[in-house]
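Written out below as structure tokens is the structure these notes cover.
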Amino acid sequence: MPPRILKSPAEPAALLPDHFKAWFAARGWSPRAHQLALLEKAREDRSALLIAPTGAGKTLAGFLPTLVELSSVPKASAKMASAKSVVSTGRTLQRAGGLHTLYISPLKALAVDIARNLERPVAEMELPIKIQTRTGDTPTSRRQRQRRYPPDILLTTPEQLALLLSSDDAPFLFSSLRRIVLDELHALVTSKRGDLLSLGLARLWRLAPQMRAIGLSATVAEPELLARFLVPQPGGQEAAADIVIASGAAPPLVEMMDTRERLPWAGHSARHALPEIYELIKANKTTLVFVNTRSQAEMLFQNLWSMNDDNLAIALHHGSLDVAQRRKVEDAMSAGRLRGVVCTSSLDLGVDWGDVDLVVNIGAPKGSSRLMQRIGRANHRLDEASRAVLVPANRFEVLECRVAIDAIAENAQDTPPLRIGALDVLAQHVLGCACGEPFFSDELYDEVRTAAPYADLTRQDFDDVVDFVASGGYALKTYERFARIKQDKEGRWRVANPKVRQSYRMNVGTIVEDDMLKVRLVRSRGGGQGKAGGSTGVIARGGRLLGEIEEAFIEGLSPGDTFVFSGEVVRYETLVEDQVYVSRANDKDPKVPSYMGGKFPLSTYLAERVRRLLDDGRAWGALPEQVRDWLSLQKDVSRVPAVRELLVESFPRANKHYIVCYPFEGRLAHQTLGMLLTRRLERARARPLGFVANEYAIAVWALGDLSFMIRDGRIDLDALFDPDMLGDDLEAWLAESALMKRTFRNCAIISGLIARRHTGEEKSRRQVLFSTDLVYDVLRKHQADHVLLRAARADAATGLLDLRRLSDMLTRIQGRITHRELDRVSPLAVPVMLEIGRESVYGEAGDELLAEAADELVKEAMG
Amino acid sequence: MTTGALVSGDIEDMRVSNVSISGVTFAADLSGALFWEEQRLLVVSDLHLEKGSSFAVRGVLLPPYDTLATLGRLAAVISRHDPRIVIALGDSFHDRTAHERLSAEDRDAMAALRIGRDWIWISGNHDPMLPGDLGGTVADEVAIGPITFRHEPTGACGEIAGHLHPKARVSARGRSMERRCFVSDGMRAVMPAFGAYAGGLSIRDAAFAKIFPKNGFVAHLLGDRRVHAIAASRCS
């Protein structure tokens, strides 16, 4: 932990009532310093952010102030604390009793689990406290009762909070609120759910000014920023909650697997290390094996199972498995019946797992904080070090693992900075507000800015959002008569009709799922390649359900293509509605082997450390011999890039010409850069044919002699990589980019332009009566500064296109490009070159794809 | 292997490619229109004007620029070919009252397009009762030589229809691209929708199998710079 010493709190005696002390003592515990610190903060009427590792008793710490306060309420009046004791104070309702504490969790399973855990101390101390959960699964009748007769403590999710706030009786329900506890805050604030939550908080601060917040978080890079989230921001200056840092966690023991095998050049499967991973599971009581993608999880699980001669209880856990299946694994895990679980980020958060004694992380760690949180899953006792083994799947990942281990040793955090509140989320919130009490724009603007992510929201943006919610926000004012919210004579905004309110309720939330298709295994109709398509009669319907897969991935396949799913190589047969039919393929190597290289790119911080490691030959001593040799060879035949420079290599290979560069900025930024470089090379008449990007490098290939063109000055590398590519070139590309269109679609859904659900049923993509891609095209041409396009652009800066990172990189390397002209591929270039044809270029395709298919027709016609 | 087609810098845009229907050669325009050179006749189908405001009436506030966008593209293709006759092949308006919601500017733009040429509005299922004041002629179908123009395809020989909004997807090596397309088997054709907000129906849908009895029909996909003829069996 950082050297931030917690001020010793006041006497525990003064903070803890006797029956609490007795309860702690009876269990052989004594209250931890940070638990007492939170009690003290509560007594001082301060909001607080608790930073603590897993296993530190974080949850109990968060609830202790509430339990103590509620236990000191005389029993008689606690019993009376029901809706009957409502006292009207004129403007709002004040109540004795009523809802005291609200707990918000990112996972509904976690809310349910915490409720169960809380019941124990409450029952054992016989505290007069009513605890309830409210999630999407809570029956309507119970939800209604909760609003009328609120419990003392309500555990729920950000979406449910938004729903409660949009109801007429929100003032009644929340006016008594004393405290809000925000769990896993570090995870919540990185997404639009965090934006939604912050706006909910802003509303609560107005309804219940006496409310204080407790945030519970894993260690983050800038706790001071996170602490702002918990208190209302007074315009112009910054305010933050007090920070309490739990001490005492033993530093984790992390090592890199030193494989006996040859380290692969590329790929992410870590297949070479399977026997060693299996041995680790065998040697430990319970091992969590983390991988970065679902397909990796599938593949690894299958492989481990095939070598499981000892019949070890090994299970699989990832997001697209059936919920019941996942629940079963979780239960078996809690009961200590499992020796190993292969999992994805689906287990990054949440329920405590009891006795995990080893975490194995396969592949790139991506970020230091992320890795530390994963490793923390093995930390069930604070005073014992968690143990972890990192298994790099290729040579570059060895570098990444090496610097991640160093970063952990220094406890260096690289969580992303706080988000700037998204405008599409604000639009949803504004509509929600109008569904409750009517609002004045001036008042709501001031309220919204008390939320930290929206503290710097301009009045213009706010007004544009309100205008958008009302009548679409179009420069062409033709929809006034169809407005969804309208101003009354006093200027208050209210919903125009009950249907608007109903639609809001059904569509609240910021999680837009990818369109998923069900994958079913059927028997092949044999040689169906080529003449495939709509003739579905031949495929037997039904078939065993293997799981779900992204529609976008399937769209890239032709019938007959093979890919890995559910641990085996399958052949794509056909698509009927939302069912993908596949058959077993006998191929060893799938034609389209991987999908979605991983959702999270390499963190900027680790990237910087990797560049430093490369630049510092003395540090290579800490690397495995194979990797050292690889780098030394690179130094001999080309150059190892220095910290600040961008190395560009050019070389010919098999009638084509390549340039490879090494920005180390992660796949997302590289993909965007690859698209833009290709456009520029096209303009320079270098006749580029394609590119491939991985986490570390980009390779572009062309018909033109790139080395010669660079030598000749026809390609000026400084100009090629000039940040001005983020101007017109980017604009032109964004017009067509499938990723940008997907980003826009998400904004359109979250902002409420398009409803996901209509009275009861989820609208499937196939039933949508218009395409958001077409809407995007039209809006872009006719009102490029529309608030939804601004929202989509803001997303593109950090999301799928990672534009901000690309822009920072281009600025950093200006004037620092080093070119090496080579006669063949360099050692450092091998990994990315190997990905050509293996990795699909996600989403984008152009006329050449169509031309190719047209050529086939010509060939067919010519016999 | 990827071919050099990406290299467009040196190549002229090929805005049209020929499609033969019942012995008549049409130019399939990249915009989604068909042009009959001999007759100087231009056909566009499924404009779906005022689809945006049609949704707005029901509370979905789509950008109100679709009519403007559609008419802009129509103006461009008309100025490129300077036709003597224009046929709007049905579903020109998204609903029965759509023409009442046209802005004055859009009305003027439409009038300007009609100057110096005959205009035939063919009625479709979205606009079965076209008003008399649109300018031009209103008809259920038009026959010229061996060719019949009507909105809903019946599969008859020499028929050019719309209604189905054909689109096709071509995939290769994990990449894919979906575009609007003309569909033809040499005897009949279905045109792509021209309207900015008009969606699409995959040519693998059973509706197309009914119209093109043989399996060997061809999709003419509207690419970025040219129209590509691709076997329907190659599309998904």
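Taken in sequence, the protein lines are chains A and B. Here the working numbering is used: the first residue of the first sequence is 712, the next is one more, and so on. Here the working numbering is used: the first residue of the second sequence is 209, the next is one more, and so on. Note that beta-carbon positions come from the ideal geometry of N, C-alpha and C, so glycine has one too. The model shown is predicted, which means the values in this text are computed figures rather than measured ones.
Say whether chain B places a C-beta atom closer than 7 Å to the C-beta of residue 1266 of chain A. Looking up residue 1266 of chain A in the first sequence gives position 555. Yes, because at least one Cβ of chain B sits closer than 7 Å to the Cβ of residue 1266 of chain A.
Taking the C-alpha atoms as reference points, what is the distance between residue 813 of chain A and residue 737 of chain A? Against the first sequence, residue 813 of chain A aligns to sequence position 102. Against the first sequence, residue 737 of chain A aligns to sequence position 26. So the alpha carbons of these two residues sit roughly 28 Å apart.
Element boundaries [alpha helix (DSSP H), containing residue 738 of chain A]: Locating residue 738 of chain A in the first sequence gives position 27, where the first residue counts as 1. The continuous stretches of alpha helix (DSSP H) do not include residue 738 of chain A, and DSSP gives it neither H nor E.
Who are the neighbours of residue 1187 of chain A on chain B, taking C-beta pairs under 9 Å? Position 476 of the first sequence holds residue 1187 of chain A. Neighbours of residue 1187 of chain A on chain B, chain order: 271, 272, 273, 276 and 311.
Out of A:1071, A:1438 and A:1378, point me to the one whose CA is closest to residue 999 of chain A's CA. Position 288 of the first sequence holds residue 999 of chain A. If we check each option's Cα against that of residue 999 of chain A, A:1071 comes out closest.
3-residue-minimum beta strand (DSSP E) runs that sit fully inside the stretch 1398 to 1436 of chain A, ordered along the chain: List check, beta strand (DSSP E) in window: 1399 to 1404 and 1409 to 1413.
Let me make sure I understand the geometry here. Which of A:1073, A:1382, A:1364 and A:734 has the alpha-carbon closest to that of residue 966 of chain A? In the first sequence, residue 966 of chain A corresponds to position 255, counting from 1. Minimum Cα distance to residue 966 of chain A is reached at A:1073.
Using a Cβ-Cβ cutoff of less than 6 Å, which residues in the same chain neighbour residue 1586 of chain A once the five nearest sequence positions on both sides are dropped? No answer is possible for residue 1586 of chain A: it lies beyond the span of chain A, which begins at 712 and ends at 1574.
Residues in the stretch 347 to 379 of chain B with C-beta within 8 Å of chain A's C-beta atoms, listed in sequence order? Those residues of the stretch 347 to 379 of chain B that come within reach of chain A (Cβ to Cβ, closer than 8 Å) are 377, 378 and 379.
Just to confirm my understanding: we take residue 1242 of chain A, look at its own chain, exclude 5 residues before and 5 after, and list those with CB closer than 6 Å. What are they? By one-based count along the first sequence, residue 1242 of chain A stands at place 531. Confidence is the limiting factor: at residue 1242 of chain A the pLDDT is only 38, short of 50, which leaves the residue's position unreliable and the question unanswerable from this model.
Nonlocal neighbours in the same chain, by C-beta distance under 8 Å from residue 1542 of chain A, ignoring five residues either side: In the first sequence, residue 1542 of chain A corresponds to position 831, counting from 1. Same-chain partners within the cutoff: 976, 977, 1105, 1106, 1107, 1405, 1407 and 1408.
Between the stretch 1493 to 1512 of chain A and chain B, which residues of the former have CB atoms less than 8 Å from a CB of the latter, in chain order? Of all residues in the stretch 1493 to 1512 of chain A, only 1493, 1494 and 1497 place a beta-carbon less than 8 Å from a beta-carbon of chain B.
So residue 1174 of chain A is in the alpha helix (DSSP H); what residue range does that whole segment cover? For this step, residue 1174 of chain A is matched to residue 463 along the first sequence. Residue 1174 of chain A -> alpha helix (DSSP H) spans 1170 to 1182.
For residue 424 of chain B, count neighbouring Cβ atoms within 10 angstroms of its own Cβ and tell me buried if that reaches 16, exposed if not. For the purposes of this step, residue 424 of chain B is taken as residue 216 along the second sequence, with counting starting at 1. With fewer than 16 neighbouring CB atoms inside 10 Å of its own CB, residue 424 of chain B falls in the exposed class.
Just how far apart, CA to CA, sit residue 1191 of chain A and residue 261 of chain B? As a working mapping, residue 1191 of chain A is identified with position 480 in the first sequence. As a working mapping, residue 261 of chain B is identified with position 53 in the second sequence. Computed Cα separation, rounded: 11 Å.
Name the DSSP bridge partner or partners of residue 953 of chain A? To locate residue 953 of chain A, count along the first sequence from 1; it is residue 242. DSSP lists A:759 as partners of residue 953 of chain A.
Interface flag, residue 1564 of chain A vs chain B, CB-CB below 7 Å: On the first sequence, residue 1564 of chain A is found 853 positions in, with the first residue counted as 1. Judged by the 7 Å Cβ criterion, residue 1564 of chain A is in contact with chain B.
So, is residue 365 of chain B buried or exposed, given that buried needs 16 or more other C-beta atoms within 10 angstroms? Within the second sequence, residue 365 of chain B is the residue found at index 157, counting from 1. Its Cβ having fewer than 16 others within 10 Å, residue 365 of chain B is exposed.
Counting only runs that start and end within the stretch 1094 to 1165 of chain A, where is the beta strand (DSSP E) found for 3 or more residues in a row? The stretch 1094 to 1165 of chain A contains these whole beta strand (DSSP E) runs: 1098 to 1102.
Just the Cα atoms here: how many angstroms apart are residue 376 of chain B and residue 411 of chain B? Here residue 376 of chain B corresponds to residue number 168 of the second sequence, with the count starting at 1. Here residue 411 of chain B corresponds to residue number 203 of the second sequence, with the count starting at 1. Computed Cα separation, rounded: 6 Å.
Nearest CA to the CA of residue 354 of chain B: which residue from B:344, B:403, B:343 and B:394? Walking along the second sequence from the start, residue 354 of chain B turns up at place 146. Comparing Cα positions, the closest option is B:394.
Residue burial classification, residue 414 of chain B (beta-carbon count within 10 angstroms, cutoff 16): The count along the second sequence starts at 1 and reaches residue 414 of chain B at position 206. With a threshold of 16 other beta carbon atoms within 10 Å, residue 414 of chain B falls short and is exposed.
Need the endpoints of the beta strand (DSSP E) that residue 1258 of chain A sits in, please. Your numbering for residue 1258 of chain A matches position 547 in the first sequence. Per DSSP, residue 1258 of chain A belongs to the beta strand (DSSP E) from 1255 to 1261.
Quick check: the stretch 1340 to 1358 of chain A against the stretch 1378 to 1386 of chain A, are at least 3 beta-carbon pairs closer than 8 Å? Short answer: they don't touch.
For residue 1028 of chain A, which option in A:1046, A:1015, A:1047 and A:1056 has the closest C-alpha, if you only look at C-alpha atoms? Position 317 of the first sequence holds residue 1028 of chain A. Checked all of A:1046, A:1015, A:1047 and A:1056; the closest Cα to residue 1028 of chain A is A:1056.
Cβ of residue 1328 of chain A less than 7 Å from any chain B Cβ? If you number the first sequence from 1, residue 1328 of chain A lands on position 617. Cβ-Cβ to chain B under 7 Å: no for residue 1328 of chain A.
Any idea what DSSP makes of residue 1001 of chain A, helix, strand or coil? Walking along the first sequence from the start, residue 1001 of chain A turns up at place 290. Three-state result, residue 1001 of chain A: strand.
CA-CA distance, residue 1081 of chain A and residue 1003 of chain A? Here residue 1081 of chain A refers to the residue found at position 370 of the first sequence. Here residue 1003 of chain A refers to the residue found at position 292 of the first sequence. Each residue's Cα considered, the two are about 11 Å apart.
Interface flag, residue 860 of chain A vs chain B, CB-CB below 7 Å: Position 149 of the first sequence, counted from the start, is the residue given in the question as residue 860 of chain A. Not one chain B Cβ lies under 7 Å of residue 860 of chain A.
Can you have a look at residue 740 of chain A and say buried or exposed, based on whether 16 or more other CB atoms are within 10 angstroms of its CB? For the purposes of this step, residue 740 of chain A is taken as the residue at position 29 of the first sequence. In summary, residue 740 of chain A is exposed, with fewer than 16 beta-carbon neighbours lying within 10 Å of its beta-carbon over all protein chains present.
Report the option in B:302, B:309 and B:363 whose CA atom is closest to the CA atom of residue 336 of chain B. For the purposes of this step, residue 336 of chain B is taken as the residue at position 128 of the second sequence. Comparing alpha carbon positions, the residue from B:302, B:309 and B:363 closest to residue 336 of chain B is B:302.
Could you list the residues in the stretch 1449 to 1470 of chain A with a C-beta less than 8 Å from some C-beta on chain B, going in chain order? Look at the stretch 1449 to 1470 of chain A: the residues with a C-beta under 8 Å from a C-beta of chain B are 1464, 1465 and 1466.
Out of curiosity, what's the CA-to-CA distance linking residue 1269 of chain A and residue 988 of chain A? Locating residue 1269 of chain A in the first sequence gives position 558, counting from the first residue. Locating residue 988 of chain A in the first sequence gives position 277, counting from the first residue. Using only the alpha carbons, I get a separation of about 35 Å.
Kindly provide the ranges of any alpha helix (DSSP H) runs that are 4 or more residues long and lie completely inside the stretch 801 to 856 of chain A, ordered along the chain. Counting whole runs of 4 or more residues, the stretch 801 to 856 of chain A contains the alpha helix (DSSP H) stretches 819 to 835.
Thinking just about the alpha-carbon of each residue, which of A:1152, A:1264, A:1123 and A:1114 is nearest to the one in residue 1227 of chain A? As a first step, residue 1227 of chain A is located in the first sequence; it is residue number 516 there, counting from the start. Nearest option by C-alpha distance: A:1264.
Among the candidates B:263, B:257 and B:439, whose CA atom is the shortest distance from the CA of residue 307 of chain B? By one-based count along the second sequence, residue 307 of chain B stands at place 99. The option with the nearest alpha carbon to residue 307 of chain B is B:257.
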